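Working notes, beginning with the structure itself.
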RNA sequence: GGGCGUGUAGAUCAGCGGAAGAUCGCUGCUUUCGCAAAGCAGAGGCCGUGGGUUCAAAUCCCACCACGUCCA
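Written out as structure tokens, the structure reads:
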């Protein structure tokens, strides 16, 4: 960034001068004669016990102080957004206040909810998790206070000078810091393909805020100006609070109430982990994260497990539920929603604690076994083993060392070694959202084509209409208006016809709804002429029923299982629909029945389903962020779908206008698609009836085949299985008896039985009609007698098989006998002294192989041939 | 989303190319007034699923499924 990027009217007016820090050499702006910047290490930490501010704040009072300051200066105050950004798929958590407005607002797609605005946004940053409590200032969760302004050609709100002026006024005249102590350090900022100048605000060795001016789009080496210039600021609420109190660490300032209420065993480094992680988990849980072994859920689980390990350091002093109760009591004063699901919270904690205990017991046992295995290899367990133990068993090195009988030093860089094992995947850019595969194939219409007017929201029942053709490219057609619903929000496309030509797919692309004809070359009215549209009505009706049923089911699940239920995904097709929800264990049959009863009761009550547009901020104000069940919806206005007194969601789909139209809802099955997530398959309306009819037909068929009434099918199957098992047993016993008898016959027949070594050995050599398994059973029978030697030949589809076994492997090794036979025969094989097997071609040579083996046996026993 | 680990008797696991094992539990018998215990005998296995390699696969290779775990 060029130095002139930092020049502004405020700096000039107030006599700020640009200079290089005498210590770090970096450029900063300040008043007075400062020679070094005000950040660590150039300026040491110097506010503990000596705050630069006039008064002392806690989190609550500073937040209020900040927000009302900016309100006073023309900003609109916004409520916090969820810490889980369901409106984008490139990040798991909100990590800065600007995330709330990306990508739709920052890209200019929709206007900001207010402009300028101010907010205090809870943010998650898990990178510092190891440092919590250790450094005295790290947290995994903090609130980023911010004031944002979005400047466009139409509306200039404010830019660098006013932004810095507001910041400076807040820190100096409002809070009381000496103006010459504050430094504004230059820092080029870049992220997500955008960049611009930025200053970090330093005071007494602490960076307390960052002011970013997003201004350019990177296009290779070139910088292009952004159409929307964004003032993006971030003020650390916890840091300001810390500074205002001047406490030794940030934790005393941020968690005074919780720290006070903890048992005295837990002092600072450990207590900080408890406070920070519990508070963080509470936000995650409230905003819809359920512990799991992947993605966001894994981090929620990690927090809980770190808490449990910390609690274990003082056994009996404090339990997880008690800790969480304390944290809820304190934190919910400012965020009442955190106390909204005490039952669910208690249940998830119980399940997680149980799972952790199990994992630990299993892990410890496996560590002991691993040590034994390693010992057999003739070495002692080493650090690599510990890394492996942690990585794949989840047993931390300190626990593993307890289990091992030999001492292993855990190196400082242990966790770095673990990280090294995992190859880094490149972080995803901004291209991810909104670009589904269907859209990628769509041709780009010229921008002169007017946006499509859509009617399916207002009127989902009209199936015939006329529209003027505005544009066409191959199979793709844009009309001035349409009733066709394009694929979106988990609801699949409408089908139908345009002027008699079948329409196979409809997609939304930017401002247009594009209809795809099945035949690209089909004749259609000229551009400018009108075309008759006809929508496949039964299909649309089924999709509407499935979509409304999804909302009913979602509402019923939340009512039955608790407010932690969030929609994690959904699909509405014609054959059926599915809904994925966040939940920590599989649904029980009784829970499913209860949900079904509730859903169908709401259907019978024939409640109105209202859909209407509402401004985003008003809707959020009225219904909260639970609106975003289906992910974020673009637009200044949200389309609200409201099932009276039951469920409210922001949704762009086509819906029944009364619940009775859904007809009937049946859950067809559930599965745990991953830890912390349950999928429900269901059907509604006509399709539900069809499915039940299919099931009935299947039952009827089963009933007929079993010759039992439907009600007796389970009993009939039980009997059948019992009989099958008995039959199996009998067959096994019979074949065992057969083999026994065969062995008896062979060994008493002079043609196949040969006494050697003066009768101490009995060789049974014979060709039988048995496969490999049969030969083995027979050989076992022969060798179970003292001195028994089996030289058996049999066959399967692929050829002849030899199976030799010996009860006296020392004198009469089966492998050696087989070797002789193979030589005479030309087959392949091998084995050990007590058993050997070979295979080769069928034919007379098999007999000579047996003869050769028998001759060899005679030699070995010292018996002369007859 | 990616890496690693684990799937063998009801349970916990061993075996890791040559004829499926141990411990606990279960059943029966002996002993006892009865219980516990001991002794003896026995039942119980598609060695996760599907391919492949091999004379021979629980064992080696590939794919999939399930569970666990770590990292983004």
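Numbering (my numbering), first residue to last: 211 to 1076. Ideal Cβ placement from N, Cα and C applies to all residues, glycine included. Computed from a predicted model, the values in this text were never measured in an experiment.
- The way I'd put it, the region 444-453 doesn't touch the region 429-436; fewer than three beta-carbon pairs between them come closer than 8 angstroms.
- Below 8 angstroms, too few C-beta pairs join the region 816-831 and the region 781-789 to call them touching: fewer than three.
- If the five residues before and after residue 964 are omitted, its C-beta is found closer than 6 angstroms to the C-beta atoms of 973, all from its own chain and listed in chain order.
- Rounded to whole angstroms, the Cβ separation of residue 401 and residue 428 is 10 angstroms, and the two are not in contact under 8 angstroms.
- As computed with DSSP, residue 308 is found in no beta bridge at all.
- Counted as a single uninterrupted DSSP element, the beta strand (DSSP E) harbouring residue 399 occupies residues 393-401.
- Just measuring C-alpha positions, the residue of 866, 458, 801, 838 sitting nearest residue 813 is 866.
- Annotated as proximal: residue 260 and residue 456, with beta-carbon spacing under 8 angstroms.
- Here the alpha carbons of residue 977 and residue 1045 stand approximately 17 angstroms from one another.
- Taken atom to atom, the span from the alpha-carbon of residue 220 to that of residue 306 is near 26 angstroms.
- With respect to residue 561, residue 605 sits apart: the two C-beta atoms are not nearer than 8 angstroms.
- Here the alpha carbons of residue 582 and residue 588 stand approximately 10 angstroms from one another.
- Looking from the CA of residue 983, the closest CA among 946, 664, 1017, 969 belongs to 946.
- Spanning the alpha carbons of residue 887 and residue 506 requires a straight line of approximately 12 angstroms.
- Only residues of its own chain outside the window of five on either side were considered, and among them 530, 531, 534 have a CB closer than 7 angstroms to the CB of residue 559, listed in chain order.
- The shortest CA-to-CA distance from residue 898 to any of 961, 998, 788 is the one to 788.
- In the structure shown, residue 954 falls within a helical segment according to DSSP collapsed to helix, strand and coil.
- If the five residues before and after residue 884 are omitted, its C-beta is found closer than 7 angstroms to the C-beta atoms of 502, 504, all from its own chain and listed in chain order.
- Uninterrupted alpha helix (DSSP H) stretches at least 4 residues long and entirely within the region 345-398 occur at 370-379, given in chain order.
- Counted as a single uninterrupted DSSP element, the stretch harbouring residue 677 is not any alpha helix (DSSP H) but the beta strand (DSSP E) occupying residues 674-683.
- Contact check for residue 677 and residue 743: beta-carbon distance about 6 angstroms, within the 8 angstroms limit, so the pair qualifies.
- The three-state reading of DSSP puts residue 752 in helix, counting H, G and I together.
- Between residue 484 and residue 476, the gap from beta carbon to beta carbon is short of 8 angstroms.
- Per DSSP, the continuous beta strand (DSSP E) segment holding residue 420 begins and ends at 416-429.
- Within the model, the alpha-carbon separation for residue 920 versus residue 794 is close to 35 angstroms.
- Residue ranges of uninterrupted alpha helix (DSSP H) with 4 or more members, entirely inside the region 783-865 and ordered along the chain, are 799-814, 826-833.
- Per DSSP, the beta bridge partners of residue 333 are 352.
- Residue 510 and residue 337 have their C-alpha atoms spaced approximately 14 angstroms apart.
- Residue state for residue 404 is assigned as strand, using DSSP reduced to three classes.
- Per DSSP, the unbroken alpha helix (DSSP H) holding residue 461 starts and ends at 460-464.
- When DSSP assignments are scanned along the region 994-1039, the uninterrupted stretches of beta strand (DSSP E) that are 3 or more residues long and fall wholly within it turn out to be 998-1006, 1009-1016.
- Distance from the CA of residue 290 to the CA of residue 329, rounded to the nearest whole angstrom, comes to 7 angstroms.
- Counting along the chain, the unbroken alpha helix (DSSP H) around residue 223 starts and ends at 219-223.
- With fewer than 16 neighbouring CB atoms inside 10 Å of its own CB, residue 632 falls in the exposed class.
- Per DSSP, residue 891 lies in no alpha helix (DSSP H) segment; the continuous beta strand (DSSP E) that holds it begins and ends at 887-894.
- Membership of residue 921 in any alpha helix (DSSP H) is not indicated, and neither H nor E is assigned to it by DSSP.
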